[in-house]
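S.K.: Before we start, here is the structure in question, set down as structure tokens.
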Amino acid sequence: MEFKIIESTPLYNAFSERGKRIFLPDGIFYWSSRAKKEADIIGTIGSAYGFEKDFIDGGSSKWVPCYMDGIGKYTQFDINNIVPYASIGGLTDTRELWKEWLVKKSNYKESVEEQKLLRLKKYITNPIITSGITNGIFSACSLFLDPGESIISPNKRWGNYDNIIVKNLGAKIKSFDFFKDNKINIQGFSQAIDEILETQNKVVIILNFPNNPTGYVPTKEEAKEIVSLLIEKQKGNIPFVVIVDDAYEPFIYGEKCIEKSIFYDLHQTDKNIIPIKLDGITKELLLYGGRIGFITIGLKPEWVKNDEELEILKAEINNKLEGLNRSTISNCNNFYQTLTLKLFKEKGFKFE
């Protein structure tokens with residue numbers, strides 16, 4: 000498969016060999032979707048279907064996926080929202096809803112920050128649904144890190160980063176002391192970037208605020224220093240990929256702290272600083288076992304010549320991320336994707 004637009008961007012330069020070669024072939028999900036759209040035929044993707052009355056006592060004449068009788072007794076959801084496979088990248092409605100939510104969380108005001116708001120809406124990918132943020136971290140790191148390459152992370156970090164990056168992917172973590180004089184250690188961060196630039200033609204960073212395990216949230220001034228440092232360090236076509244682990248995004252402590260993810264300020268820069276936002280329902284909606292996360296990639300206007308190229312670029316990125324899903328987890332939990340939709344639409348979550 001060709002990826003003509005991606006290949007002309009700094010994003011492609013940052014890809015690992017896996018990231019360059021991965022793609023989603025036209026498999027059973029593709030043909031099943033075409034059958035449904037073009038001929039209104041339910042093409043199997045591994046689900047057995049039948050008339051409900053033929054396998055459930057008291058069942059209707061509806062054509063539904065076969066299911067065990069007890070399942071319908073424990074939920075008010077239609078069985079079609081529970082039993083079938085979800086699409087590889089996630090349910091379209093859930094993905095579109097989360098993109099709206101992501102834009103809402105930016106807190107950009109239409110009257111004051113209209114250009115920032117328009118840029119955010121237009122130049123981000125449609126979120127891909129992952130099996131929790133852990134799976135999102137694995138996919139993002141797989142996309143950008145080859146064995147032996149390094150990612151920058153403070154020494155105060157979630158221990159599972161080391162499992163994913165070092166033990167699983169065979170990459171390395173360039174650590175720096177997180178704190179100096181009771182503040183984020185900007186000098187140590189800067190030194191880590193300089194050392195990576197000596198050995199790699201890309202810089203990959205993972206940031207997590209509020210930080211696990213410390214709970215620390217940068218002050219507004221510290222966040223400005225981080226963004227300014229990255230702007231200063233990024234030169235030419237050398238891509239700076241910043242994976243933003245927003246697992247605990249809503250949990251903010253203190254009036255001086257940033258009130259939203261650092262993803263938004265990174266996305267607004269005109270440098271080749273590419274933010275990857277990882278968030279999800281686990282902590283944000285207090286659905287810990289739901290295991291629904293999202294990967295959203297920030298794009299740059301100068302990467303494309305027109306809106307047509309932009310849509311092609313988004314489709315190419317979507318294909319690669321779906322390729323990672325298909326080759327690892329296949330797809331994510333249908334029930335919790337549907338539950339997320341219902342929570343927003345029926346339980347008081349508002350966008351206005």
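In case it helps, the working numbering puts the sequence shown at residues 0 to 351. C-beta: ideal position from N, C-alpha, C; glycine also.
1. Within 8 Å (strictly less), CB to CB, does residue 172 reach chain D?
2. So the candidates are 176, 279, 204; which of them puts its Cα closest to the Cα of residue 100?
3. Using three-state DSSP, classify residue 160 as helix, strand or coil.
4. With a cut-off of 8 Å on the beta carbons, I'd call residue 294 and residue 277 a contact; round off their distance for me.
5. Measure the alpha-carbon distance for residue 302 versus residue 146 and round it to whole angstroms.
6. Any idea what DSSP makes of residue 207, helix, strand or coil?
7. With DSSP run on the structure shown, which of helix, strand or coil describes residue 82?
8. Helix, strand or coil: which one does DSSP assign to residue 223?
9. If contact is defined by three or more beta carbon pairs under 8 Å, each pair taking one atom from either stretch, is the region 108–115 in contact with the region 146–158?
10. Label residue 235 either buried or exposed according to how many other C-beta atoms from any shown protein chain fall within 10 Å of its C-beta, with 16 as the threshold for buried.
11. Tell me the residue span of the beta strand (DSSP E) that contains residue 102.
12. Does the Cβ-Cβ distance between residue 260 and residue 245 come in under 8 Å?
13. Where residue 130 and residue 322 are concerned, what is the direct C-alpha to C-alpha distance, given to the nearest angstrom?
14. Check whether the region 318–336 and the region 11–28 touch, using three or more Cβ-Cβ pairs below 8 Å as the test.
15. Is residue 15 near residue 137, with beta carbons less than 8 Å apart?
16. To test your reading of the DSSP string, which unbroken alpha helix (DSSP H) runs of 4 or more residues are found completely within the region 287–328?
17. What are the boundary residues of the alpha helix (DSSP H) that includes residue 278?
18. Can you round the beta-carbon distance between residue 89 and residue 336 to whole angstroms, since I take them to be within the 8 Å contact cut?
19. Alpha carbon to alpha carbon, how far is residue 289 from residue 52?
20. Classify residue 12 as helix, strand or coil using the three-state DSSP reduction.
21. Using CA coordinates, which residue listed in 174, 58, 200 is at the minimum distance from residue 189?
22. Straight-line CA distance for residue 351 to residue 80?
M.R.: From the atom records:
1. Note that chain D does not occur in the displayed structure, where there is just one protein chain.
2. 279
3. helix
4. 6 Å
5. 28 Å
6. Three-state result, residue 207: strand.
7. coil
8. helix
9. Judged by Cβ distances under 8 Å, the region 146–158 makes no contact with the region 108–115, as fewer than three pairs qualify.
10. So residue 235 ends up on the exposed side.
11. Per DSSP, residue 102 belongs to no beta strand (DSSP E); it is in the alpha helix (DSSP H), 91–104.
12. yes
13. For residue 130 and residue 322, the distance between alpha carbons rounds to 14 Å.
14. Segments in contact, yes.
15. no
16. 306–327
17. No alpha helix (DSSP H) contains residue 278, which is instead part of the beta strand (DSSP E) from 272–279.
18. 6 Å
19. 31 Å
20. helix
21. 174
22. With a pLDDT of 47 at residue 351, under the threshold of 50, the modelled position of that residue is not reliable, and the figure given next carries that caveat. Using only the alpha carbons, I get a separation of about 27 Å.
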